[in-house]
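Engineer:
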Ligand code: NAP
């Protein structure tokens with residue numbers, strides 16, 4: 001006997017949601033894509049913006065997780081987040097708990113999911129290890145400090161301004177150093193002693209990678225999150241310590257990994273250790289100025305966001 005199985009075909013369009021945007025995160029990658037320096041060249045016309053926070057306006061017929069009126073944030077959009085309304089696939093949308101406002105919702109997507117991937121997936125950190133968040137005062141850095149502290153690591157961070165350093169200490173770091181100070185690497189070495197640092201989450205590898213290799217412990221790992229150019233290193237620095245350098249790209253994560261990261265981060269929001277810190281805020285019409293300032297920053301003080309009103 002032949003058995004025929006009929007499967008209802010679900011169109012991707014029916015799995016989309018329309019979000020009324022309240023705020024959108026500004027990420028350095030928005031500027032690389034907009035200026036054409038990123039490996040991803042979008043189809044034109046193009047609207048930037050991955051990290052939207054807002055209210056569901058409408059859902060496709062196959063969407064079951066959300067309904068009109070739900071508060072949400074995203075890790076990606078289809079139509080672009082620098083807009084009044086954004087279209088997103090339902091698997092890139094997450095519930096925004098009442099205790100976080102829309103500004104904070106716009107600071108979660110790329111920063112926290114990247115920090116989580118870098119620490120837990122790429123570095124496979126273990127409680128009790130030490131981590132240096134090299135560039136801790138911006139979107140990804142503050143997220144990394146909060147996550148690392150919640151997972152039981154000894155957290156060191158860096159920032160270039162007094163305000164940035166204060167924020168880093170308030171958000172999970174046990175110690176903070178100024179990466180603009182001439183002798184700060186010696187200060188970190190003195191602080192961690194002979195053993196060195198187990199993990200470095202690196203935001204500017206083209207400046208710091210060589211120093212990072214000298215700061216690592218035996219078996220230590222540098223996770224390259226950000227880099228804006230080349231740097232010369234001595235490969236010998238990796239040999240005696242059997243240390244490693246690993247790059248991370250958030251969007252290499254599978255759908256399943258995104259769901260796992262989201263589950264851990266939702267727990268952080270519920271318990272309260274995940275609390276995005278908002279830095280500079282701009283109205284949407286000032287997006288060009290925001291792009292200029294995030295690259296030529298005089299010192300990060302949390303996550304940069306765009307507001308719709
Ligand atoms: P951000 O909010 O602009 O923060 C930039 C951070 O870098 C600040 O903490 C800044 O500190 C710090 N910094 C500046 N000069 C430094 C130096 N010499 N040494 C160490 N840190 C330094 O940017 P973000 O959103 O956190 O992103 C950070 C980097 O990661 C960017 O390059 C971004 O493109 C990249 N990124 C990559 C992924 C991925 O999937 N791989 C995902 C997200 C972001 P001060 O301002 O206090 O000097």
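Residue numbers (this note's numbering): 1 to 309. Note that the Cβ used here is the ideal one computed from N, Cα and C, for glycine as well. Computed from a predicted model, the values in this text were never measured in an experiment.
1. Note the first and the last residue of the continuous beta strand (DSSP E) segment covering residue 132.
2. Buried or exposed for residue 179, please, with buried defined as at least 16 other CB atoms from any protein chain shown within 10 angstroms of its CB.
3. Specify, as a first and last residue, the run of the alpha helix (DSSP H) that residue 84 falls within.
4. On a Cα-Cα basis, can you pick out the residue from 268, 224, 210 that is closest to residue 234?
5. Quick check: the Cα distance between residue 36 and residue 43, rounded to an integer number of angstroms?
6. With DSSP collapsed to three states, give me the class of residue 240.
7. So is the beta-carbon of residue 160 under 6 Å away from any non-hydrogen atom of the ligand NAP?
8. Hey, residue 127 and residue 152 are a contact pair by Cβ (cut 8 Å); roughly how many whole angstroms apart?
9. Comparing alpha-carbon positions, which option in 244, 229, 86 lies nearest residue 236?
10. Taking C-beta to C-beta, are residue 199 and residue 277 nearer than 7 Å?
11. For residue 218, is the beta carbon positioned less than 6 Å from some heavy atom of the ligand NAP?
12. Between the stretch 177–197 and the stretch 215–224, can you find at least three pairs of beta-carbon atoms closer than 8 Å?
13. Distance, Cα to Cα, residue 163 vs residue 288?
14. DSSP has residue 58 in a bridge; who is on the other side?
15. By DSSP, does residue 151 sit in helix, in strand, or in coil?
16. Do we get a CB-CB distance below 7 Å when we pair residue 223 with the residues of chain B?
17. I believe residue 351 touches residue 300 by the beta-carbon criterion, under 8 Å. Please report the beta-carbon distance rounded to the nearest angstrom.
18. Using a 10 Å radius around the Cβ and a threshold of 16 neighbouring Cβ atoms, would you call residue 239 buried or exposed?
19. Rounding to the nearest angstrom, what Cα-Cα distance links residue 279 and residue 142 in this structure?
20. Going by beta-carbon coordinates alone, are residue 87 and residue 165 separated by less than 7 Å?
21. Might you give, ordered along the chain, the residues of its own chain that have their beta carbon closer than 8 Å to the beta carbon of residue 145, omitting 5 neighbours on each side?
22. DSSP beta-bridge partners for residue 140?
23. Beta strand (DSSP E) containing residue 221: first to last residue?
24. In terms of residue numbering, what span does the beta strand (DSSP E) encompassing residue 200 cover?
25. Measure the CB-CB distance between residue 114 and residue 250 and report whether it falls below 7 Å.
26. So who's on the other strand from residue 52, going by DSSP bridges?
27. For residue 66 and residue 14, what's the separation of their Cα atoms in angstroms?
28. Considering only residues of the same chain and omitting the five flanking positions on each side of residue 2, which have a CB-CB separation below 7 Å?
29. Going by C-alpha to C-alpha distance, which of 104, 201, 196, 221 sits closest to residue 304?
30. Just grab the DSSP bridge partners of residue 73 for me.
31. Starting from residue 265, trace the alpha helix (DSSP H) both ways and give me its first and last residue.
32. State whether the stretch 258–274 contacts the stretch 53–68, with contact taken as three or more CB pairs (one from each stretch) at a distance under 8 Å.
Structural biologist: Taking the definition as stated:
1. 130–134
2. buried
3. Where residue 84 is concerned, there is no enclosing alpha helix (DSSP H), given that its DSSP letter is neither H nor E.
4. 210
5. 11 Å
6. coil
7. yes
8. 3 Å
9. 244
10. no
11. no
12. yes
13. 25 Å
14. 18
15. coil
16. Of the protein chains in the structure, only one exists, and it is not chain B.
17. With the chain represented from 1 up to 309, any question about residue 351 goes unanswered, as that position is not in the structure.
18. exposed
19. 11 Å
20. no
21. 133, 136, 155, 157, 168, 171, 172, 173
22. Note: residue 140 sits in no beta bridge, so no partner.
23. 216–224
24. 197–202
25. yes
26. 24
27. 13 Å
28. Model confidence at residue 2 stands at a pLDDT of 47, short of 50, so the residue's coordinates are unreliable and nothing is read from them.
29. 104
30. 53, 94
31. 255–271
32. no
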